[in-house]
Structures are given as structure tokens and as C-alpha cells.
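Report on one structure; see the data block that follows.
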Amino acid sequence: MAESERMKKPRPRVPHVLWRLFGRRARTLLDTIISLIPSPNPPCHCKPHSSSSCLACCQCRSSFLVRPDDPKPYRTLMAHCYVVVPDAAPPQQPWSPTRRWPQLQIVSRTIELMLSERSNNVLCNGFDKESSTSPAVELLTSSAWVLLLDRVGDVSMHYLLRHTMIFLPDFLNGHIQISGESITRLNLKTRRGTRRLPYQDSTLLHHGSGSRKKGKQNDNAVSSLERKIHRRASSCEEQLPTIKEGCTLSEVSTDECSQHNANGGTVDSRKRTRPFRWQRVKKRKQSDLEEVNDHNLDGRSKPPRVAPCSSKQSSQDQRAGAPSQCCCSFLFQAPTAISDKALIDREHMFYRVDHSQSLFPKNHILNKLKLRVADANQLIKEIFGAPLGPGKCEQRHGSRTCSADSACLHRSLIKKLKVLIRRAKRCEHMKLLNKHCPVQNLETIITNGADSATEMTGSSEVDKSPAPHELYCSKHQVVSFIWAVCRSIIPLELLGSSSNWRVWKRNIFRFIGLRRYEKFCLSQCMQKLKLTAFCFFSYEPGSSYLGDHLLISSEGKTVKQLNDSKDKMRTRLVKCWVYWLFTNLIVPIVQSNFYVTETEQGQRDIFYYRKLVWCELAERTISDLKGQTLLHLNVDSVRDIIRMRNFGFSKLRLLPKRNGMRAVANLRACSRMPEQGWYWNNQLFGKQKPRRGCRRHQYFKSVNHVLRDLHIILKDVWWCGPEKLGSSVFSYNDIYKKLCPFVISLKVSGIMQSAYVVVADVAKAFDSIDQDKLLSVMKKVIDQDCYHLKKTHEIVCTEKSMWNHESILLKKHTILSCNSVPRPSIRYRLLHRVLVNQESDYHLRNEDLFRLLAEHVMNNILLLDGEFYLQTNGISQGSILSSLLCSFYFADLEKNVIFPYLEKTCNDDSPLLENNCDEMSLPCAQNILMRYIDDILFITTSRKQATNFLKRLQRGFQTYNCHLNSEKSGTNFECEGVSNSRSLASADGQLFLRWSGLLLNCQTLEIQADYGRYLDNHLSSSLTISWQNKLNQNLGKKLCRFLQPKCHPILFDQNINSEQVVRLNVYQIFLLAAMKFHCYVKGLSRICRLQPASFSIPVVNSTRYLHTHLMKLMSRISSRSNIYPVFKLARGEVEWLGLSAYIRVLKRKHWCHKKLLAILRCKLQAHRISKNVPPRLKYAVDDSHSSVLWKIKY
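FYI, UniProt numbering numbers position 789 of the sequence shown as 789, with every residue one higher than the one before it.
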């Protein structure tokens, strides 16, 4: 036990960013100072036998630096401040503990010295020479640093400031770099291991470090790997001796091999010359002629020209029936080793519109190869990574070193791969595609399906013909087509025996059935494949292609060791073949014949459309959009537009939805265009032709990257003046802050039963915005002449990656103190962050901001299927400004039209409420209006006002080009012209209205979560199964994340909901989490073996986690607002509800969770609440109150 604890690596105390960058070189300030003191102890000037001592003559240096009576800031500094001494730092000489200068003077003089040397130390940033002040100077002259100076002296303090990197802790559980070279300039390399290449040598797996970005390092790694493999191949070929006639390779001893290498063996010349073209053609014809001569038309091979061998060993081998050995089989002794965790790259399958007439894409290797031995050798190298030198193997076969009847793996592979190349070129894949993925009445279905796109075409007719999202091919049809193609082009020997065919098809189905962000590795491709069924790679008598090529190194090895070596060789070859089959056959087949995409209702499921069907749908949609929101542009017009701005264009793709197609623009990606006039002059033909492979491109920043400054300014306008956004809300917390005071006032007044609710939706909110009107509205919003911005740099670290991040803040007129560190502007689960003292200030004028906004709105260029379009109406939904622009636009509509109308129609006879609502409430106190982008909620105590408000919305607003979507409106009272499609009746008879993911009780105004979005598809379509790393640990994190989406204070505050409904909301959250748990475990069981009994710990921990999480949410909302929520929910009640929900859900799938159900039932029976269940908990676990959840497919 002690030995295992000693071997266990201790967990580093160093923060995550510093640990990944510097490792153990990052130490605390205390350890760094002790390490800088030279050994032996330097001479000191302390008086002997005196009570005072210094750092040099003290017995314990750590006790001298940190004492029990030291103040807390000093102890925090010594323990949590980290220092890194660079390798290029000079030694500290001479060392002295004396102090002669104050701390402020040491810091300022050090900065001035580095400024004179033009140093790039971050300590110099923001330093004012006149006042000798800066934020870093204020931090370094605190009382803690002054006390440290008294104990270490001037020399050590100057050395720390000038030659080391200092990281001070901040109050956000991060650090600030105040000295040294900026770590943002370092090459960020994580220390979590390398990203293994598909064909990576096993000797390279323990070296190097991974990088987040694909850059030059990966290319160097590949080139070095190829050079190493090539050297290994050359060394293997050098060791091959000259084979005498009549002798096998097993008779050649090691001495002969060494003698051959010493006396005229093949020399590995690093510099090789390429033969002329006529020599290569002649050589290729000779090799093809030799192959034809070796194999007659009747299938019989010529007898080899082998003289009888007089050695005794040869006769024994012939009597034993040993097959003759081929010299080129030695080239397979060093095939590339592929890790079982090597991932299959699926990204090339998605969103590929280009259509190819052949089975594979245009640039596929099987389209380039011809029926030649040299091309077959190239394919062997592509599949197995075998380091075959050009022409070497053909020369050895041409010299009759291996017989035609020998068990030669290379000769057999040449035959089979030539068959693969020939069949791939002659495959009639369109017949197979029409057979397995048929489309009946293609033109009629596509026409009706495109015409049913009511949202895109603007028509109000509803057609019962199939919608675009229903014209996809099922996954079974796609798998059937892929398997038919594989059977038709791949030789059966490479697919194994018939016992493996069902396994092949099942693994292909699992690969095709993956969701959008799931991963598929090599071990999943080979799951339950029997290696012994691959007779082609077997070594049994009668089916041996590997042969006994390992006999040459069999001295001193037993038969078991030889068999193990053969098993490893066969496994390695099969892995290479299976990996290539999925990566370079199945993925290209899908890419060339199907358009793979998600749908709006399918969540994370992917769907396969035939290219022909998708092209027709896309053409119909584009033709409809051209007359409404898009205008076609030629390349010259695009160049004229983007020439005068620093951002380019955006790529557009179509997303199928229930009633049409949605156009989704990607404004986060960079863009590029080929430079105009980059040609070369062909003197032979006298024509201008593009220079092939050397085309230059002009690169542009992404649209969202350029709009960051404007986004920060508009957010500041919202924070400082929320009245400019009208009734807009952007989150459930905003809804809670507005709705809670209104509901409290209704309860106090006793008129809760007389509340009338109207729910409405704006039709095509983003696409119908008038661009000129929007710009006139934004002129009033951006009212300052100049804005002062500040850019800070930080390095953030998550569990998977680490990267540089730039934070932009709006600098106010009041100067912030240096201790007010900005919060991180990213929404990741950060493990650690380091803020660098590297700020840059800049100013933006009002004219520049408005010009940028006008360029973004009026000249938004989109690229779709290789064609450029200009958006003439509306704004793009993928922009970081889209939600704010839409809110400002409709806020102006409310200010000028809706609010004055409500003031006129206010019912004087309705009971008045206390005027204690939020500032954003309407002038009439008995109503409230909230708008979540384009989703409107209006609550009033006057039925007349509610009716007039709905009629005014139905008439529309022509000035703003705003109209109501009549199909998405609803009320809690009878009203003419309302479809009430948003109303929902539960099994217990209660009526609800859907609004922005919430269910609003029509009588009591209590709030519940809306789970209707999970009814259309199977619940597993919303999950991403992760099989990497530790399964139990990942499962525990997943269960906690399953609980978070519906955890909002608006659902658990008893100011809004009763205690029964609060517990019902908790119970429903656990029900959904339990259903997701079942789907997640079921998906994991297909990948690896699980222990169901161990799942009880993550389940119980998740029930405890929810109560802690809710307590944090309630305390956070009370600290950031004037609302005091009422949360009276005990931890035991949450645990009891969680166990009851898991048992209730898993009981329906009892055959999968027998052991887990037994454990959970025991825990529930042992719970103290089970003895006497209160009525509020019985109300929560009643199935009639959760009837919607039981309709979910899981």
C-alpha cells in the first residue's frame, strides 16, 4: 500500500495555466526566494550572539520569511503568488540581504532602467515617468511587499522584478502577470498529452506536446515521422542479403546479412536522383510485362527459376512443407501503428454541396490511380503506411526473388488492390443509389415540398405534401447503399469471411447513426470483428499470406513468441485496413452522394439528403429568397464593396425546418478571395491562364470580430439606460426581475384571478426589419461623440484546451483602481485564468461606429453555393449585434406606437395596483409588457385592454414593416381571430400558455418549465455521448449538467409559485435528467462494458448537487437586485424527489437497470421522509401533473 502511494504522482498545487506552460518551474514566491540564495551560505554582517539575524545566517529560511505573527496579506502573497525564473535569466550575484532604498524607489528605478533598454517587460506597461505611478507600481508597493523587502534586501527584490515572471492572485480565482515577458507571446502547449496522428510510430507517442491550433508543428511532426519510417525501411532493405538460387530466406544467417552489408550491400544515399521520363515509362512497361508473363490467361503461374539447394536445412524445409519466402515481406515488419483511440474524421461529410458524377469526390485517390503496379504500390503505402521505396519492390519481383506460388503478402495485395481500383472506376453507383435510396415522383415531391415553405416564400397556404425536412433518406437506407457499394468494389478477401459481414454492417450503421458532435474511434470500427476471419492476413496453413517472414529473427524465440509476433503483425495490418476503409472509403462515399446536415427540429441528429433532392430544394428556396431578401452579385461588385472595409463576407447555408428552409449565416469565420490579376503568361499558346497551385488570396477578418467594439458599446448603452430597449428581456433572470414585483402586487391587491394574458409572436422578425428605419433608430442610440475602449489580454484554461483571449471594456470617465480586475468575458467553465498587465487604450468616434454599422446592415454579402448575394432586407441572425439591433428596433416601435396606444385604452374602472413595479412597467400600473426578442407577453387586469392590444397587433405596423404571426398567438380568454395554438391543457385539467420556454398558468400565473421541445424526436437526439477518459467521472458531470438548463429562480421562488408547484418543478427536472441518464447509459453500453451498480453514486450525488446549486442561484439573484426570493426547500426533500424520479423513470426500463433500481429503492426506503410523506411532496410526484413529460420518447 505504501509503495502504491509512493508511485502515485502528487497533484500539482500550481495553477492550471502556469502548470501547462511551465510545469514545475512555476513555484511560489517563498520557494523561489529560497532557491535564489546561493549555497553555501553567503557571508553576512550580523553581530555574533545577537538576537537579530538575516536570511543568510538563519537556520530555517522558510520560518524566517514567513512567521506566525505576520499579517494575512503577506502570508497570502508568499503562498499564492507564483514566480517563474526563465532559463535565460542571469545568476544572482552578488547576493546581499541589506536594505538601502524604499520599495517605491526600487520599483520605479527598475522600470526606468528597463525602459532605457527598450525591454518588453509587462512591468513597464502604463508607467508614467512624471509621477512614477502605474497600476503595477501600486500593487508592488503594498504593505506586504514592503515587509518582504525588509527580509530579502534590495538585491533580491531588484532581481525578482527585472529577471522573473511574477503572477499575483486576484479575487476571481485567477492570477495577474505584473512582470516578465508576456505569456501571451509564448507558444501555448498543453501538457495533457499529444494529439496522436493516425499513422504514428509507437516510439513517438511519448514525446512532444499537443497544441490547440493546427500549425507548423503538426506538419513538422508528420515530416519527421515520414523520415523516420523511410530510414527504417531503408535499414530493413539494407539488411536483406543476396539470395542464392535454391535457398530460402530462412537459411540466411545473421553473419551473412552483416557480411552482405559490409561488402557491397545497398547503400542508403540520402540524396536521390529522379530518372528521366522515358526511363520511368520504360521501367513501368517492363514491370507490367513481367506481371503479365508471370500469370497466364488460364490462371496458372510460371514455375520459378529456382535451382535445387544442397543444404540440409532446405530439404527439411521442403519436407515440412514450408512456403517460400518473399524478400519484400520484410518491408511489412515496420508498418505504421495506429492507436485504438484514433478518431475517424467526419467533418468532410457535412454541408458538401458539390456533386460528382463518380462514386468518390474529384480529388479522391481512387479516381487518380490507374491499373498499374506502381499505382497499386502507392495505394499500399496509403493504406498500410509501408515505407516502399519507388521501384524497389518491382525490381525484386522482377528478378524472380520470390516465386509466384510463394506466400507473398505484397504480390497478393497488388492483385487485390488492382481489382479494387478497377471496380471503383466501373462501379454503377447510381443504380445502387436508386435501388437502396429511392425517390418516387421526384419532381412532384420537390415542387410541393418547396412550395410548402411558407416562411421563406411568404405565402399563407398550407400544403399536406412532404415538407423539406421529410425528404431525407433513412439511416438504414444509407447503410444499405454503403454496404452494397463496399460489396461491389472491395474484394471479398479484404472483407473477411461471411461471419464478419454482419459485424461490418452493424459498425457502419453505428458510424452513420452518430450525432453531430459525437466521435468515432478505431476500436469502435473493429468492435466484435474477428481477426481470424480475415484469411487474407492469416498465417494458418493453406491461407497464409503473411508467411513465415519472422523466421529470419527467430533465433532464441519459442513457438509461442513467434505466434504472438504474428498475431501482432496481423492485428496491425487489419487496423490499418479498417481505418483506411472508414476514413477514405465510407466518408468519401457519403460526401459525394449525400448532403449531410441537421434540422431545426432534430436537435443534434443528422440527416442524409440525396444530392439531387437537396440541389432542387436549395434552388427553389434561393429563387424565392431572391425576390424578397437577396440580390445576386457578380464578383466585380463584391470586390468593389469589400475593398473599402476591413471585413469580408459570410457563408450561408440552408437548414431544413418544419415549414420550409431557414437561411443560417456564419459570421464568425474568416473569409478570403483570390486576388485579381494573378496570372502568368503562357508564351507557347499566347494565352493568359491562371497559375496553377500558386493563386494568391486576400484574407479578411470575420464580421463578428470587427463588430466586437460596437457590441461592447451597445451593451453598455443597455446597462446604463435600460429604458432605451423598452420591454426587452434577454434571459430568464430579466423576466424574473420584472414579473416577480408584478405578481406580488397582484397577490397583495387580491385580484390575481382577474388577470388576462396575451401571447403573440412577430412574423419573420429579423427578416422583416427595415434597414433604413433601423439606421435612423440607431442614430439616437449611439449619441456620444467619442468612446474610450480598453483592451486587456488574458490566458484562459478549461479542461480540454488553453488559449489567448482579448477582453474589450468600455472605459468610463472615472479611472478604475488597479485592484478592480475585470471579469472574464467568456462563458466557459474556466479552471484558471491569467490576466496580463498589457492594456491598450483607443478611441472610436461616433462617425466611425455608425459607418461600420451601416456597412454591416446595408452591405451584408453572403456566399451560398459559390454565388454571392446581397441582403436587401432584414439583418443576419448570426451576427453578435442581431439581438440588440432587433430589441432597439422594436423598442422604438413600442415607444412611438404601443405605449401611447395603451395609455389611451387604459380602463379607468379596473382596480388599480400599487405603483411598486419595475421601472420598465407601463404607465398604467395594472399591466405589464415583456418581449423576448420577438416573443411578446402582455398581462393586464382589464379584458378590454387585452382585447384592444391584441387587435392592434393584428393590424400590424406598416411604418416598421412589422406584422403579427397569427398562428403563434394565444390568450387565456375567448377572443375572435385567435387560434390559441400556444395553449396547453394538462391531464389534471389546468390550462397553460407557452411563452419562451415557460408555461404560464392561466389562472394563478404560476410558472413551470415547458418540455414540449422534446416531444418531436427521441430524447437521445439532444445528447452527445462521450466515451473518453473516466466514464464514472464523466457520468457524474453529465448528470449535474442535465439539471442545469431548467434551474432558474423564477421556477423556485414562492413569491410566484406555491410550495406544491416549487416541488413539482424540482421533480420534473429530475424526471428529465433520469430519462437522459437512461439514454446516455444505453449509448455507452454499445461502446464499452459498464458496471450498473457503480452508477448509484453519481445519481445520489446529483440529487445533492441540485439543492446546493439552487441555493447559490437564489443568493446570487438577491445580491444583484432588490428582490428577495422566498426559497423554503430542504435538502432532504430534494434528495427524496430525486430518488423518486429516478425510480419512476427507470422502472419503465427495469430490464436494463435491475441492480441500480434495487440500490435506489433501498436508499429511498431508508430516507427519513419515506416514513411520513407530506402532501406537498405527494402532489409533486403525481403523474397527472407531469403528463407532458411522460409523452417524451426515451
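Just so it is clear, CB atoms sit at the ideal spot from N, CA and C, and this is done for glycine as well.
Query, Result
"Along the chain, where does the beta strand (DSSP E) containing Phe167 start, and where does it finish?", "165-169"
"Taking only the alpha-carbon atoms, compute the straight-line gap between Arg1041 and Lys737 and give it to the nearest angstrom.", "25 Å"
"Excluding sequence positions up to five away, which residues of its chain have a Cβ less than 6 Å from the Cβ of Tyr1014?", "Ile1192"
"Who are the Cβ neighbours of His1150 in its own chain at under 7 Å, not counting the five residues just before and after it?", "Leu1157"
"Would you mind stating whether Leu835 and Ile176 have Cβ atoms separated by less than 8 Å?", "yes"
"Which residues share a DSSP beta bridge with residue 1197?", "Outside the shown range of the chain (1 to 1194) lies residue 1197, about which nothing can therefore be said."
"Verify whether the separation of the beta carbon atoms of Tyr756 and Leu844 is less than 8 Å.", "no"
"Assuming the contact rule is C-beta atoms closer than 8 Å, Asn500 and Leu529 should be a hit. Round their C-beta distance to whole Å, please.", "6 Å"
"Pop quiz: Leu707 and Ser981 are said to be a contact at Cβ under 8 Å. What is the actual Cβ separation, rounded to whole angstroms?", "Contact doesn't hold; Cβ gap of about 36 Å is too wide."
"With distance defined between alpha-carbon atoms, name the residue in Arg653, Arg352, Gln838, Arg515 nearest to Val122.", "Gln838"
"When you compare the region 81-99 with the region 161-168, are there three or more beta-carbon pairs, one atom per stretch, that lie closer than 8 Å?", "yes"
"Would you give the residue range spanned by the beta strand (DSSP E) that Arg610 belongs to?", "607-610"
"Going by the beta-carbon positions, is the gap between Ile782 and Leu881 smaller than 8 Å?", "no"
"Is the region 27-38 in contact with the region 61-78, if contact means three or more CB pairs nearer than 8 Å?", "yes"
"Taking the alpha-carbon positions, what's the Ala1178 to Phe1077 distance?", "Inspection of the sequence shows that residue 1178 is occupied by Lys rather than by Ala. The alpha-carbon atoms of Lys1178 and Phe1077 are separated by roughly 24 Å."
"From Arg572 to Glu598, what does the alpha carbon distance come to, in whole angstroms?", "36 Å"
"Taking a contact to mean a Cβ-Cβ separation below 8 Å, would you say Phe700 touches Cys670 in this structure?", "yes"
"With a CB to CB cut of under 8 Å and the five nearest residues on each side skipped, what residues in its chain are close to Ser768?", "Val762, Asn873, Gly874, Asn961, Cys962, His963"
"Pick out whichever of Leu893, Lys895, Phe1052 has its Cα sitting closest to the Cα of Asn1062.", "Sequence check: residue 1062 is Val here, not Asn. Taking only the C-alpha atoms, the option nearest Val1062 is Phe1052."
"Quick one: is Asn377 buried, meaning 16 or more other Cβ sit within 10 Å of its Cβ, or exposed?", "buried"
"Take the Cβ of Lys418 as the centre, count every other Cβ of all protein chains shown within 10 Å, and call the residue buried at 16 or more, exposed below.", "buried"
"With distances taken from CA atoms, which of Pro97, Lys362, Tyr1105, Lys1037 is nearest Asn584?", "Lys362"
"Using a Cβ-Cβ cut-off of 8 Å (strictly less than) and excluding sequence neighbours within five positions of Ser883, which residues of its own chain qualify?", "Phe730, Ile933"
"Provide the residue span of the beta strand (DSSP E) that contains Tyr595, from first to last.", "594-597"
"Touch check for the region 1100-1109 and the region 1169-1177: three-plus C-beta pairs under 8 Å?", "no"
"Buried or exposed: where does Asn263 fall if 16 or more other Cβ atoms within 10 Å of its Cβ makes it buried?", "Its pLDDT being 38, under 50, Asn263 is placed unreliably in this model, and the value from its coordinates should be taken loosely. With fewer than 16 Cβ atoms within 10 Å of its Cβ, Asn263 is classed as exposed."
"Measuring CA to CA, which of Ala144, Glu181, Ser134 is closest to Ser119?", "Glu181"
"Unbroken alpha helix (DSSP H) runs of length 4 or more, entirely within the region 566-651: which are they?", "587-593, 611-626, 635-642"
"Taking a contact to mean a Cβ-Cβ separation below 8 Å, would you say Ile1056 touches Glu1006 in this structure?", "yes"
"Give me the DSSP bridge partner(s) of Gln1008.", "Leu999"
"What does residue 1196 pair with, by DSSP beta-bridge criteria?", "Here the chain comprises residues numbered 1 to 1194, so residue 1196 is not present and cannot be evaluated."
"Between Lys779 and Leu714, what straight-line distance do the alpha-carbon atoms span, to the nearest angstrom?", "12 Å"
"Quick test of your reading: Arg515 and Asp605, contact by CB under 8 Å. State the CB separation rounded to the nearest angstrom.", "6 Å"
"With a CB to CB cut of under 8 Å and the five nearest residues on each side skipped, what residues in its chain are close to Leu1164?", "Trp1136, Leu1139, Ser1140, Ile1143, Ser1170"
"Under 7 Å Cβ to Cβ from Leu774, same chain only, skipping five residues before and after it: list those, please.", "Val857, Leu885, Tyr889"
"Using C-beta distances below 7 Å, list every residue in its chain close to Gly970, excluding the 5 sequence neighbours before and after it, in chain order.", "Val759, Val978, Asn980, Ser981, Arg982, Ser983, Leu993"
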